[in-house]
Each structure stands twice: as structure tokens, then as C-alpha cells.
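Protein chains in written order, with the numbering used here: chain A, 188 to 641; chain B, 225 to 417. Just so it is clear, CB atoms sit at the ideal spot from N, CA and C, and this is done for glycine as well. Keep in mind that this is a model prediction, so the values were computed, not measured. Structure, as C-alpha cells:
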């Protein structure tokens, strides 16, 4: 039943992605299916519980099938011709090289070991046992979200886990409901889907060699790869956050409306996974604001922001209705100046960038790429919006940590939280590294060299 | 005056490169190019591997190390795999599960309590990363039993309904309503005799 249930999640995502647009490439569709499907299914779980059906396989399956049927009818009514054309078209295979297959083999081998490791070891990390996995387990056992003992302050002390967005927890609930012994099927499938999606998104803007090299180096970022097989939410959150910004950039670059919508949807799921994802949303909002001022129209800004915040807003209202609360807010709501705190966060961030034991060569290679492409950045021939959204969301992240109470001490919070939050930026940095003007020229030259002459 | 001959009448050089040979030459050149680029990529990968301790660790420590362990114990049960990570906490939790009814409300020591630092023989209840379970962690493994941490005295009505007390390295006897004749260091007792 476990594999059937996970397949249902995949198919749900596949149908939804195709309903949004049939024009995504096959790698994008394969990558997006589980990522979108799982998040969508958690929303259906909240709905099932809210309607009084509880959290059980039957109610979730029925709701999922209803959504798939509705999407299928839509596709049949409005996209029949497009589907027919797509099916009848001869598949185009890109010209792939021996080097590409070699790199693919390395990625497959490394991911096989990572996937196996993820599914072998049960959940043991503290964050998961104190929160995500336990909440998911208890909701599955008690078959309820609203009345779950995990949210009962008579049983557990007031803490932030009680009002956290519930994407990860509900995803774990789903696999526990399906009879899994451990919840890490979610983590394993998410990371695998992410690798496929990242490659697919890179292929939109660059050649196969650059795409696969970028995917490999992004994948082996040490701390991110290590955490990808743990039950904490960080890597899953990073997937939604980073791909949301990448697709926003793709919309700016190629103007295809589907990218705008998938970006907004992934951003909504980013905040549904982790409330701190609002810092990433701020990056996207800033870029759209600049674009709105330039084009003198704010419609896209308003739509994107509304969609990005919709799920979080709905959950905030619902958690108040359900009576979920935490001890006290850890956000400082007034403005203040604390130089020691400011410099503490600033210095820690700079130190983190240099930590190759966490992020490998990511920040170093990114710095070199920025400097090397300086001329093109100035001449606006570079992926400008991507860099702008990076800077803006870093700024928002800084403000967020500055305005937070650090009950355990600033250093403890930064060490435990910020270090893993930066996973959100790793894919974006490698996307830029693989797609800037100089990398493009170099890899295109190599591709051209190895092409067959006639 | 020289006569311009049309291209039709112009004598042609004999073709010393027949089409089949050209095609074979192209294929050979293509193969050589493919091999050159693949070799170049391998050199890049090798240079990264040799010059970066952390990427070497990703391969040998993080991935290969765990993969070899998995190959060594492919039939390990869920409990055994959990014990690899949580150590002696696993048999201890299983013991509590066996000895208490599903309706039990169990008093557990607060995370980080001194009692976890005392080790009795090889029975070290700290997790490998030196964190002890919070009441959420106990709840995860002992469900449907409920577990209340000692530092929640006065915060929860369940504190007055405790039925059992976890004994951890001698901690817990002080919460029993009776004297124990032969105390042991690790286990679980009913709160009332």
C-alpha cells in the first residue's frame, strides 16, 4: 500500500503540473510531480480533517482522486488538441555526449547511495523527534490534525512547533498512514525529484553539459547532501524556496506564463513548509516590485504575492480557529538598534560563507563567477533578476534574524538555524554558476567541439 | 584573349576521397572528440576530488561509509537500525513499552538532566549526539502511552495522573509513593504500590 500511495501522490502532482501547462519539459514534469503532488496532498489532508473526515487513507485518496478527475476533465475539455499534438509529435532527443553520460553515471551512483542511506536509517535527529516526525506520527496514529495530542497544551508544553506550518508533518503523516515504518520515504523521493527538476530547469537556459555539471556540484554540497537523508525540514524547504525563485527568474527570461504560476505556487509551498520562507518570498517580491515600477503595472506583483502568501495566511487563520498557540512570540515587533547583535549576525554570516565543510566550494565558485562576469553584470547581460532576488532575500533573512528573540543565545540560534537555512540559496548559486555568460561560452565551445561534423 | 570555359567543360580533379571514407573519417573524429572531452571531465572531477578534503569526505565518509555499513547488515531490523543511531535508549524504551499498559502516563526525566551523564556499565542512555529525548521523543516511541517530563510540574493536569515513573540511572525513586526494597538503576516502576 505504501508504494501505491506514493504513486498516487506522484500522479496527483503530474496531473496538476500538466493542468497548469503541458509545455513543461518531461524532466521538469518528472521532477515537479512528486514535489507539487506531496504539497498539494497535504493541503487536501487539512481539508479532509477540517471537513470532519479525519486523516485516513480512504479520505485522502478519495479527495486526491476527485482533484485528479477534475483536472483530467479540464485537460480533456480545453487541452485535448494540445495533448493529441504532443503525443503524435516525434520525440526529440538532444545530442548527448560521452562526458554527459559519464557525469550522469556519477550522479546516479551518488544518489543511489544517498537514497539507500535515507531509507535504511530511521529518524534519529533531534529536530525531527522533537517536532516534525513525532507530529506526523501522532497525527497518523490518532488520525486527526485538529484534535491531535501533539497540539494539546495539557499534554505538551507550549512551543513553536504547535503553530508551525504543517507541510512536512502532514507528508510524514501520509506515509505513516500508508503503513511505513519510517517517514524518510518522503525525504528520499523529494531529493531525487529535486535533482531531476534542477537539471530540467537548467536545461531551459543552457546546454546539457553545463546543466549536468551544475546539478552534480549542487548535489554534493556536503551539509545539504548530509541533511537530505535526515528527517528535518531544511532540505525540503530549500527545494521549494530555491525552485520558486529559479522559476521566477525563468519567467523574466522567457516570458512564459506557466513559469510565473509555478513560481508562485512553489513559493506558497515554501512558506507552507517553513514560515521563515517569507524571507525568500521577500526576494521575489522585491524583484517584481522593481519590474512593476519599470513597467508601470503592479498586476503581476499583486498576483504573485497573493498566491505566495495564500497558504500561510489560510494556515494562520486555521491554527487560530483550532486554538493552536505557542508560549510567546519570538518576533520583536518594534524597531531598535543593537550594534552587537547586528555585527554578530553579520560576522557569523560571513564566516558561514567561508565554511567549505558545510557548503563545499559553492560560495567561492560563486564569488569567482560574479567577479569574472562583472562586465556582463554591469551591461545587464547576466541573469540580473536572479542576482537581485538573491540579494533581496539575503537582506530579508538578515532582518528576520535581527528581529528575532534568541532565547538560547544568538550564537546557538545562528549555528542551529541559519546554517541550514542557507541551503535555500545553494541551488540558486549553482544555477547562476552554470548559467552565466562565461560558463555558457566555455561549455558551448566544448559542446560545439564534440559535435559531429558532416 | 583567353577563353573562359564553362564549369561544365572544366576538367575536374579525380575524387581521391570517396563518400564512405569521408563518413568513416567523420565518425572517427567524433569518437576522438567525445573521448577527449570525457577525459577532460574526468580530469576535472579527479582534481576536485584530490584537492578537496570535504568532497572526498562526501564520497568516502558520508556515502561510501554508510553504504558499506548497509551492505554489511542488509537484513538489520528496524529496531536494530534505530539502535545504531539512538544506542541504549532503544532497548530501554522497548522495556518501558513491555512493562507498562497502553493507558500509562509515565513520568520521565527532563532532557539534559544529570542522570543521563551517569553511565552504569555499558548502559549509556545519551544519544550518540549527546542529546537526550524530550517528552515528544518519548511520546513518539511509547505511543499511546503519554510521557510527562518532570520539569512540567504545575503546568499540566496530567502531572497528577501519573501512573508510572521511569527510573534512569537512579533518578525517579524520589517520585514513588513507596520504598523500593531492591532498587535497580534503569527501568520503570508504578507510581503507587
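Exclusion of the five residues before and after residue 337 of chain A leaves 322, 325 as the residues of its chain whose Cβ lies within less than 6 Å of its Cβ. In terms of Cβ geometry, residue 372 of chain B and residue 382 of chain B form a close pair [threshold 8 Å]. For residue 406 of chain A, the closest C-alpha among the options A/240, A/622, A/293, A/539 is that of A/293. In this structure residue 423 of chain A is buried. Its beta-carbon is surrounded by 16 or more other beta-carbon atoms within 10 angstroms. By alpha-carbon distance to residue 312 of chain A, the top candidate from A/431, A/360, A/416 is A/416. Under the Cβ distance rule, residue 325 of chain B does not count among the residues neighbouring chain A, no pair being separated by less than 8 Å. In the three-state reduction of the DSSP assignment, residue 192 of chain A falls in the helix class.
Think of a sphere of 7 Å around the beta carbon of residue 344 of chain A: the chain B residues whose beta carbon falls inside it are 376, 379, in chain order. Only those residues of the segment 243-268 of chain B whose C-beta falls short of 8 Å from the nearest C-beta of chain A are listed: 250, 251, 253, 254, 257, 258, 259, 260, 261, 262, 264, 265, 266.
Put simply, the segment 381-393 of chain A touches the segment 204-223 of chain A. At least three CB pairs are less than 8 Å apart.
When DSSP states are grouped into helix, strand and coil, residue 407 of chain A belongs to the coil group. Under the DSSP definition of a beta bridge, residue 390 of chain A lacks any partner. The beta-carbon of residue 363 of chain B is placed less than 8 Å from the nearest beta-carbon of chain A. Residues of chain A whose Cβ lies closer than 8 Å to the Cβ of residue 367 of chain B are, in chain order, 324, 325, 328. Spanning the alpha carbons of residue 342 of chain A and residue 511 of chain A requires a straight line of approximately 13 Å.
When DSSP states are grouped into helix, strand and coil, residue 299 of chain A belongs to the helix group. Residues of chain A whose Cβ lies closer than 7 Å to the Cβ of residue 357 of chain B are, in chain order, 316.
With respect to the 8 Å criterion, residue 535 of chain A and residue 605 of chain A are classified as neighbours on the basis of their beta carbons.
Using a C-beta cut-off of 8 Å, the segment 236-251 of chain A makes no contact with the segment 263-273 of chain A, since fewer than three inter-stretch Cβ pairs fall below that distance. Contacts with chain A at 8 Å (Cβ-Cβ) include residue 281 of chain B. For residue 334 of chain A, the three-state secondary structure derived from DSSP is coil. The secondary-structure analysis by DSSP pairs residue 378 of chain B with nothing; it has no beta-bridge partner. The beta-carbon distance between residue 328 of chain B and residue 369 of chain B, rounded to whole angstroms, is 5 Å. This is short enough to meet the 8 Å contact definition. In the three-state scheme derived from DSSP, where H, G and I count as helix and E and B as strand, residue 395 of chain A is classed as helix. Sequence-distant partners of residue 621 of chain A (beyond 5 residues in either direction) whose C-beta falls short of 7 Å from its own C-beta, in its chain, are 389, 393, 397, 398, 400, 401.
For the 8 Å CB-CB criterion, residue 247 of chain A and residue 235 of chain A form a contact. Listed along chain A is no residue with a C-beta nearer than 9 Å to that of residue 273 of chain B; the closest approach is about 10 Å.
Contact between the segment 449-459 of chain A and the segment 423-432 of chain A is present: three or more C-beta pairs spanning the two stretches fall below 8 Å. Buried is the label assigned to residue 634 of chain A, since at least 16 other Cβ atoms lie within 10 Å of its Cβ. Taken through DSSP and simplified to helix, strand or coil, residue 404 of chain B comes out as coil. For residue 218 of chain A, the enclosing alpha helix (DSSP H) starts and ends at 213-237. With a threshold of 8 Å between beta carbons, residue 540 of chain A makes no contact with chain B.
The beta carbons of residue 500 of chain A and residue 265 of chain B sit about 47 Å from each other, so the pair does not count as a contact at 8 Å. Listed in chain order, the positions of the segment 536-566 of chain A with a beta carbon within less than 8 Å of a beta carbon of chain B are 543, 544, 547, 548.
Here residue 495 of chain A carries a helix assignment [DSSP, helix/strand/coil].
Against chain A, a Cβ distance below 9 Å from residue 382 of chain B picks out 341, 342.
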